[in-house]
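Number of protein chains: 2
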Amino acid sequence: MTKSRQVTIHDVATRAGVAVSSVSRVLSNHPDVSIDMKRRVEDAARELGYSPDPVAQSLRRGSSRLIGYVVRDFATPFFSDVIEGLESVLNSSGYTLLVMNGGGSQTQEIERMTMLKQRRVDGLLLSTVVDSTPKLRKIVSAYDKPVVLIDRDLDNLDIGRTLFDHVTGIKAATNDLVNLGHTSMVLVTGSPDVRPTRERVKGFLEGLMTSPEAMKKSFEITGAFSAAFARKETTAVMTGNPAKRPTAILSGGVQATIGVLESFSELGIRPGRDVALVVVDDLPWLRILRPRISAVSRDAEAMGRAAATMILDQIGGVKPSTIYLPTSYEARDTSSSLEDVMAYRTKMQRK
Amino acid sequence: MTKSRQVTIHDVATRAGVAVSSVSRVLSNHPDVSIDMKRRVEDAARELGYSPDPVAQSLRRGSSRLIGYVVRDFATPFFSDVIEGLESVLNSSGYTLLVMNGGGSQTQEIERMTMLKQRRVDGLLLSTVVDSTPKLRKIVSAYDKPVVLIDRDLDNLDIGRTLFDHVTGIKAATNDLVNLGHTSMVLVTGSPDVRPTRERVKGFLEGLMTSPEAMKKSFEITGAFSAAFARKETTAVMTGNPAKRPTAILSGGVQATIGVLESFSELGIRPGRDVALVVVDDLPWLRILRPRISAVSRDAEAMGRAAATMILDQIGGVKPSTIYLPTSYEARDTSSSLEDVMAYRTKMQRK
DNA sequence: CAAACTACTGGAAACGATACCAACAATAGA
DNA sequence: TCTATTGTTGGTATCGTTTCCAGTAGTTTG
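Which chain is which? The protein sequence lines are A and B, in order.
For the first sequence, position 285 (counting from the first letter as 1) is numbered 1076 according to the numbering used here, and the numbering increases by one without interruption.
For the second sequence, position 21 (counting from the first letter as 1) is numbered 812 according to the numbering used here, and the numbering increases by one without interruption.
And the structure:
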């Protein structure tokens, strides 16, 4: 711990033999500086190892080159990829990202948002645990800095939004399963309080449209972002009336996927054989599983980059807009046909 | 976006009909305030909805109630648990945690550290990608604020350290494997540039001590924090000379574990049957695998809480110290005996 | 050659708080 | 009654910048 007082703009001014205002002008490259002045100040600054104090700058300017991001849970692989994308753009523009965990509670998220405001962030990024509540709407509309929603929705508000076209991916998956003969399908997913869940349900239902029978026999289970919830629900559905047992499962979100797979492990169910499975959101460690699990995927890092670019634009005065990024379905080993599933089941039956 | 200028301490002073200095005194509960003054100021502050500006406070006080944490990769489950622990303690003491991703590069980490210093954090927490380099040592010793290392080491420096006793856990695992008859074991782990890897190697070697033959035939592979590295190395070792093929594998760290399991999937190797397996660091999604994988675990959240408490203490003037947290080995299904592994292998041979 | 620019430069007032110091009144002690 | 002491308060410098305003010198224009 060294004690040495930090070097200020005054020290630079004294050393260069000029006024502090001139130093400031040079360092923030104001047009009105002579070439000689520029040289002298820059030399002095370099010699003293001066670097401006961001705190003082924030106070004076009212801005901070800081961007805040309040996120439901940054440990989720999806969000950590988003963050990577955000940082890649932000850092190269001289901004710093401040990530705040919401801890799964709207109250805490709002606290974080106001604390970021007090710290004078230049913009706010949001992936909250709940979107579309009046409370959130109120605080967002009262925020006097640019706001960009990431994979969240809040309509009729003049803010930026970067969204995924969740419908397309899951609809394609559902269509594929229908074509493979399935009619009894279940979508297990997270909380309907956020857009991704709502859109996934919508896409699932749209995919079902082509088969009236499937529409009758399939349904979705939404609830909480927790593996325990998904595990319990999956177990209930898979151990219920054998006649009504679904022949295909779709899981939406990391926690749901973990829950579904946990349930399968416990029940001795092998995905792709006893039941078809499509997970929505690919996960890096899914690669270790055989058979390979079919997945709907999306580019989280691209979304991060898009959101960062958007908020920078808004800081620069561009009007808020909404952009959409695609999702895509990739059939792998567990998109098995109804026929195969039924064949396996009757074989088991006989034993 | 509302335009309204923020309410300052001056507004409160005017409203209460007192001097700004008195307002400041009341709000930072200085002892020398009359009960009447206190009431008037508090009323005025409440009526105006005043809250002090942290930026101005930082500038004046030189401190910020902010704690910085520079971490190798916060997407790793271990670190996100640590962060949870940190926040639980810090938030309830009125501090805010600023998490900065190091991006796997020491250069970037050092940049982050200086930026945090400029932002006047009151303390710095570190889990860097490399410890014990002269460069890091230099910058840490020049840091004029309390520093606490989390699961990292840097000796002969007057800073706080919260460390795991990695040796005990992995030594217990190794001993168990030795008792199960194994002599040909391989430890696949991350980069030796950080303490956990070095200690794990040390614990592994200590565990080997009881068997001269094991000491001769077992070895460790250290390298990078990447699944690809671990996968490649595992494949190399498992497809080499059958006579020398290890009968037990220990994997250290998330990425190594993923890599090992990927390799196993590709080669059709089933842990616990073709080879014994112990992973060092339990992972939430390991639960979905059958057989259940033996693991060495540690309490990341507890470490976060300990580190937070320690840095708060140091800010309060307590001398830096070092504390150790335990690690423990839990044998599950994949701690299979040499006998079983060999039986399976020869059975395969005959086919 | 006076007037009007242009190109720089320095001084000083903010930004919003804290903390030191002096001043004041009321009480206690001599 | 006079001084010391205690408790409480207001004024003001300060933290490290930015930015507005004036001022100077040199250049161009009528």
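Backbone N, C-alpha and C define an ideal beta-carbon position, used for all residues, glycine too.
Please read all numbers here as calculations on a predicted model, not as lab measurements.
Asked                                                                                                                                                                : Found
Going by beta-carbon coordinates alone, are T1113 of chain A and R928 of chain A separated by less than 8 Å?                                                         : no
Please say whether E1092 of chain B and E878 of chain B have beta carbons closer to each other than 8 Å?                                                             : no
I need the straight-line Cα distance from L1074 of chain B to R1022 of chain A, nearest angstrom please.                                                             : 17 Å
Against chain B, which members of the region 799-826 of chain A pass a CB distance test of less than 9 Å?                                                            : none
State the start and end residues of the unbroken beta strand (DSSP E) segment that holds T799 of chain B.                                                            : Per DSSP, T799 of chain B belongs to no beta strand (DSSP E) and is neither H nor E.
Is the shortest distance between the beta-carbon of N947 of chain B and the beta-carbons of chain A less than 8 Å?                                                   : no
Give, in chain order, every residue of the region 1020-1046 of chain B whose Cβ lies closer than 7 Å to some Cβ of chain A.                                          : none
Taking 7 Å as the limit between beta carbons, can you name the residues of its chain near I941 of chain A, skipping five residues before and five after?             : V873, L916, L917, S918, T953, M1094 and A1098
Check whether the region 956-975 of chain B and the region 1016-1034 of chain B touch, using three or more Cβ-Cβ pairs below 8 Å as the test.                        : no
State the DSSP-derived secondary structure class of M1101 of chain B, mapped to helix, strand or coil.                                                               : helix
Residues of chain B with CB closer than 7 Å to the CB of P868 of chain A, please, in chain order.                                                                    : A866
Which whole runs of the alpha helix (DSSP H) in the region 836-880 of chain B are 4 residues long or more, in chain order?                                           : 845-852
Could you name the residues that DSSP lists as bridge partners for I941 of chain A?                                                                                  : A:T953
Specify the secondary structure class of Y934 of chain B as computed by DSSP and reduced to three states.                                                            : coil
Check the Cβ-Cβ distances between R911 of chain A and every residue of chain B, and say whether any is below 8 Å.                                                    : yes
Between the C-alpha atoms of R1141 of chain B and D967 of chain B, what's the straight-line distance to the nearest angstrom?                                        : 29 Å
Using the C-alpha atoms, what's the distance from D834 of chain A back to Y841 of chain A?                                                                           : 10 Å
Can you say whether R943 of chain A is buried or exposed, counting buried as having 16 or more other CB atoms within 10 angstroms of its CB?                         : buried
Please determine, among B:A1034, B:R1096 and B:Y1135, the residue with the shortest C-alpha to C-alpha distance to L888 of chain B.                                  : B:R1096
Return the chain-ordered ranges of every beta strand (DSSP E) run that is complete within the region 879-925 of chain B and spans a minimum of 3 residues.           : 887-892 and 914-918
Comparing the C-beta of R844 of chain B with each C-beta of chain A, is any distance below 8 Å?                                                                      : A small fix is needed here, since residue 844 of chain B is Asp in this sequence, not Arg. Taking Cβ atoms only, chain A reaches closer than 8 Å to D844 of chain B, which makes this a yes.
Which one of A:V862, A:S1054, A:G1050 and A:G914 has the shortest CA to CA distance from T898 of chain A?                                                            : A:V862
I'd like the list of long-range same chain contacts for S1127 of chain B, defined as Cβ closer than 8 Å, with 5 residues on each side in sequence excluded.          : L971, G1063, R1064 and A1067
Give the C-beta separation of L1129 of chain A and T1001 of chain A to the nearest angstrom, bearing in mind that I take them to be a contact with Cβ-Cβ under 8 Å.  : About 15 Å separates the two Cβ atoms, so there is no contact after all.
For the beta strand (DSSP E) that G1043 of chain B lies in, which residues bound it at each end?                                                                     : A1039 to G1043
Would you list, in sequence order, the uninterrupted alpha helix (DSSP H) runs of no fewer than 4 residues that lie entirely inside the region 1002-1035 of chain B? : 1003-1008 and 1018-1029
Rounded to the nearest angstrom, what separates D864 of chain A and G893 of chain A at their Cα positions?                                                           : 7 Å
Please state the DSSP three-state secondary structure of R1123 of chain A.                                                                                           : coil
Any idea if E1040 of chain B is buried or exposed, counting beta-carbon neighbours within 10 angstroms, 16 or more meaning buried?                                   : The question names Glu, but residue 1040 of chain B is Ile in the sequence shown. Buried: at least 16 other Cβ atoms inside 10 Å.
Which of helix, strand or coil does DSSP assign to L818 of chain A?                                                                                                  : helix
Given this structure, state the Cα-to-Cα distance separating F995 of chain B from A866 of chain A, to the nearest angstrom.                                          : 30 Å
Could you tell me the boundaries of the alpha helix (DSSP H) in which L996 of chain A lies?                                                                          : R986 to L999
Would you say I1049 of chain A and I1079 of chain B are within 8 Å of each other, going by their C-beta atoms?                                                       : yes
Does chain A have any CB closer than 8 Å to the CB of R852 of chain B?                                                                                               : no
Answer with yes or no whether the minimum CB distance from E878 of chain A to chain B is below 8 Å.                                                                  : yes
Name the residue from B:A1122, B:Y1135, B:V824 and B:D922 whose alpha carbon lies nearest to the alpha carbon of V1069 of chain B.                                   : B:A1122
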